[in-house]
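**Student:** Numbering (our numbering), first residue to last: 66 to 243. For glycine and all other residues, C-beta sits at the position ideal for the given N, C-alpha and C.
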Amino acid sequence: MSGGRLRRELRIEFTMLTRRALLNVVAGSSLVPRPLRWLIYRACGADVRSPNVFPGLEIAGRPGNLTLGAGTFVNTGCFFELVAPVSIGRDCQLGMRTMVVTSHHETTAAGTSRRPVGLPVRIGDRVWTGARVTILPGVTIADDVVVAAGAVVTADCPEPGVYAGVPARLIRSTAGAR
C-alpha cells in the first residue's frame with residue numbers, strides 16, 4: 066500500500082472513529098442534556114427535528130441517513146443502523162431498545178454471502194413501538210401503527226392497527242377508528 070493511500074485510509078478511519086465517539090459516547094451519555102444531544106446529532110448530519118432523544122442511542126453508519134420527525138420520542142438504548150436511509154415520522158414513540166436495521170446480505174446461487182446491501186426503512190407518523198422491537202431492512206410501517214413489545218417486523222405494516230409476534234402480524238385493525 067502506498068504512503069498516500071495509507072494516509073488517506075487512516076484519515077477516513079480516524080474521522081469515522083471520531084464521529085462514532087461523538088455520537089455514541091458523548092451524545093449517548095446520560096450526562097449530556099437533551100438540547101445539547103440534539104445539536105450534536107444535527108452537527109453530525111442527522112436530520113433530527115425533535116430534542117426528545119434519551120441517552121444510550123447507538124448509531125452505526127452514516128448519520129446523514131437519519132430523519133427523525135418533530136415530536137418524536139426515542140427512549141433509552143435504541144439502535145439505528147444507517148447503512149441505508151431511516152425515516153421516522155412525526156409524533157412517534159420508540160420504546161426502550163428499539164432496533165432499526167438496514168443492512169441485508171444477499172446470497173449467491175451457490176449459497177455464499179455477498180457484500181451487505183442497504184435497504185431503507187420508513188416509519189410513518191404517530192407510530193408506537195414497544196420495548197425491544199426489531200425492524201428489519203426494507204420495511205415500511207404505515208401511520209398510526211402500534212408494534213407490541215418484542216415483535217420482529219420483517220415485512221411492511223400497511224394499515225393502522227396493532228402488530229405483534231415473531232414475525233409481526235396484524236392482530237387488531239384500527240383503520241376505521243379515526
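1) Mind checking proline 31: buried by the 16 CB within 10 Å criterion, or exposed?
2) Who are the Cβ neighbours of aspartate 209 in its own chain at under 6 Å, not counting the five residues just before and after it?
3) Just the C-alpha distance for glycine 241 and phenylalanine 138, rounded to the nearest angstrom, thanks.
4) Please state the DSSP three-state secondary structure of phenylalanine 138.
5) Could you tell me whether any Cβ in chain D is nearer than 9 Å to the Cβ of glycine 189?
6) Classify alanine 135: buried if its beta carbon has 16 or more other beta carbons within 10 angstroms, exposed otherwise.
7) Closest to valine 148 by C-alpha separation, out of Glu74, Trp193, Trp103, Val186, would be which residue?
8) Using only the alpha-carbon positions, how far apart do leucine 235 and tyrosine 228 sit?
9) Taking the continuous beta strand (DSSP E) assigned at leucine 147, which residues delimit it?
10) Apart from the five residues on each side of it in sequence, which residues of its chain come closer than 7 Å, Cβ to Cβ, to arginine 162?
11) Just list the beta strand (DSSP E) runs in the region 200-236, keeping only unbroken ones of 3 residues or longer that don't cross its boundaries, in chain order.
12) By the DSSP assignment, the beta strand (DSSP E) with leucine 131 in it spans what residues?
13) I'd like to check one pair, proline 120 with valine 97: are the Cβ atoms closer than 9 Å?
14) Taking its Cβ as the centre, do 16 or more other Cβ atoms sit within 10 Å of alanine 73, making it buried, or is it exposed?
15) How far does the beta strand (DSSP E) with proline 120 in it extend, from its first residue to its last?
**Tutor:** With the structure as the only source:
1) Outside the shown range of the chain, which is 66 to 243, sits residue 31, and nothing can be said about it.
2) Arg191, Pro225
3) 26 Å
4) strand
5) Judged by its chain identifiers, the structure shown contains no chain D, having just a single protein chain.
6) Alanine 135 should be labelled exposed.
7) Val186
8) Looking at the two C-alpha atoms, the distance is approximately 4 Å.
9) 144-147
10) Gly142, Cys143, Ala196, Arg197
11) 210-212, 226-229
12) 131-133
13) yes
14) Note on residue identity: the sequence assigns arginine, not alanine, to residue 73. That one is exposed.
15) Element bounds for proline 120: n/a, residue is neither H nor E.
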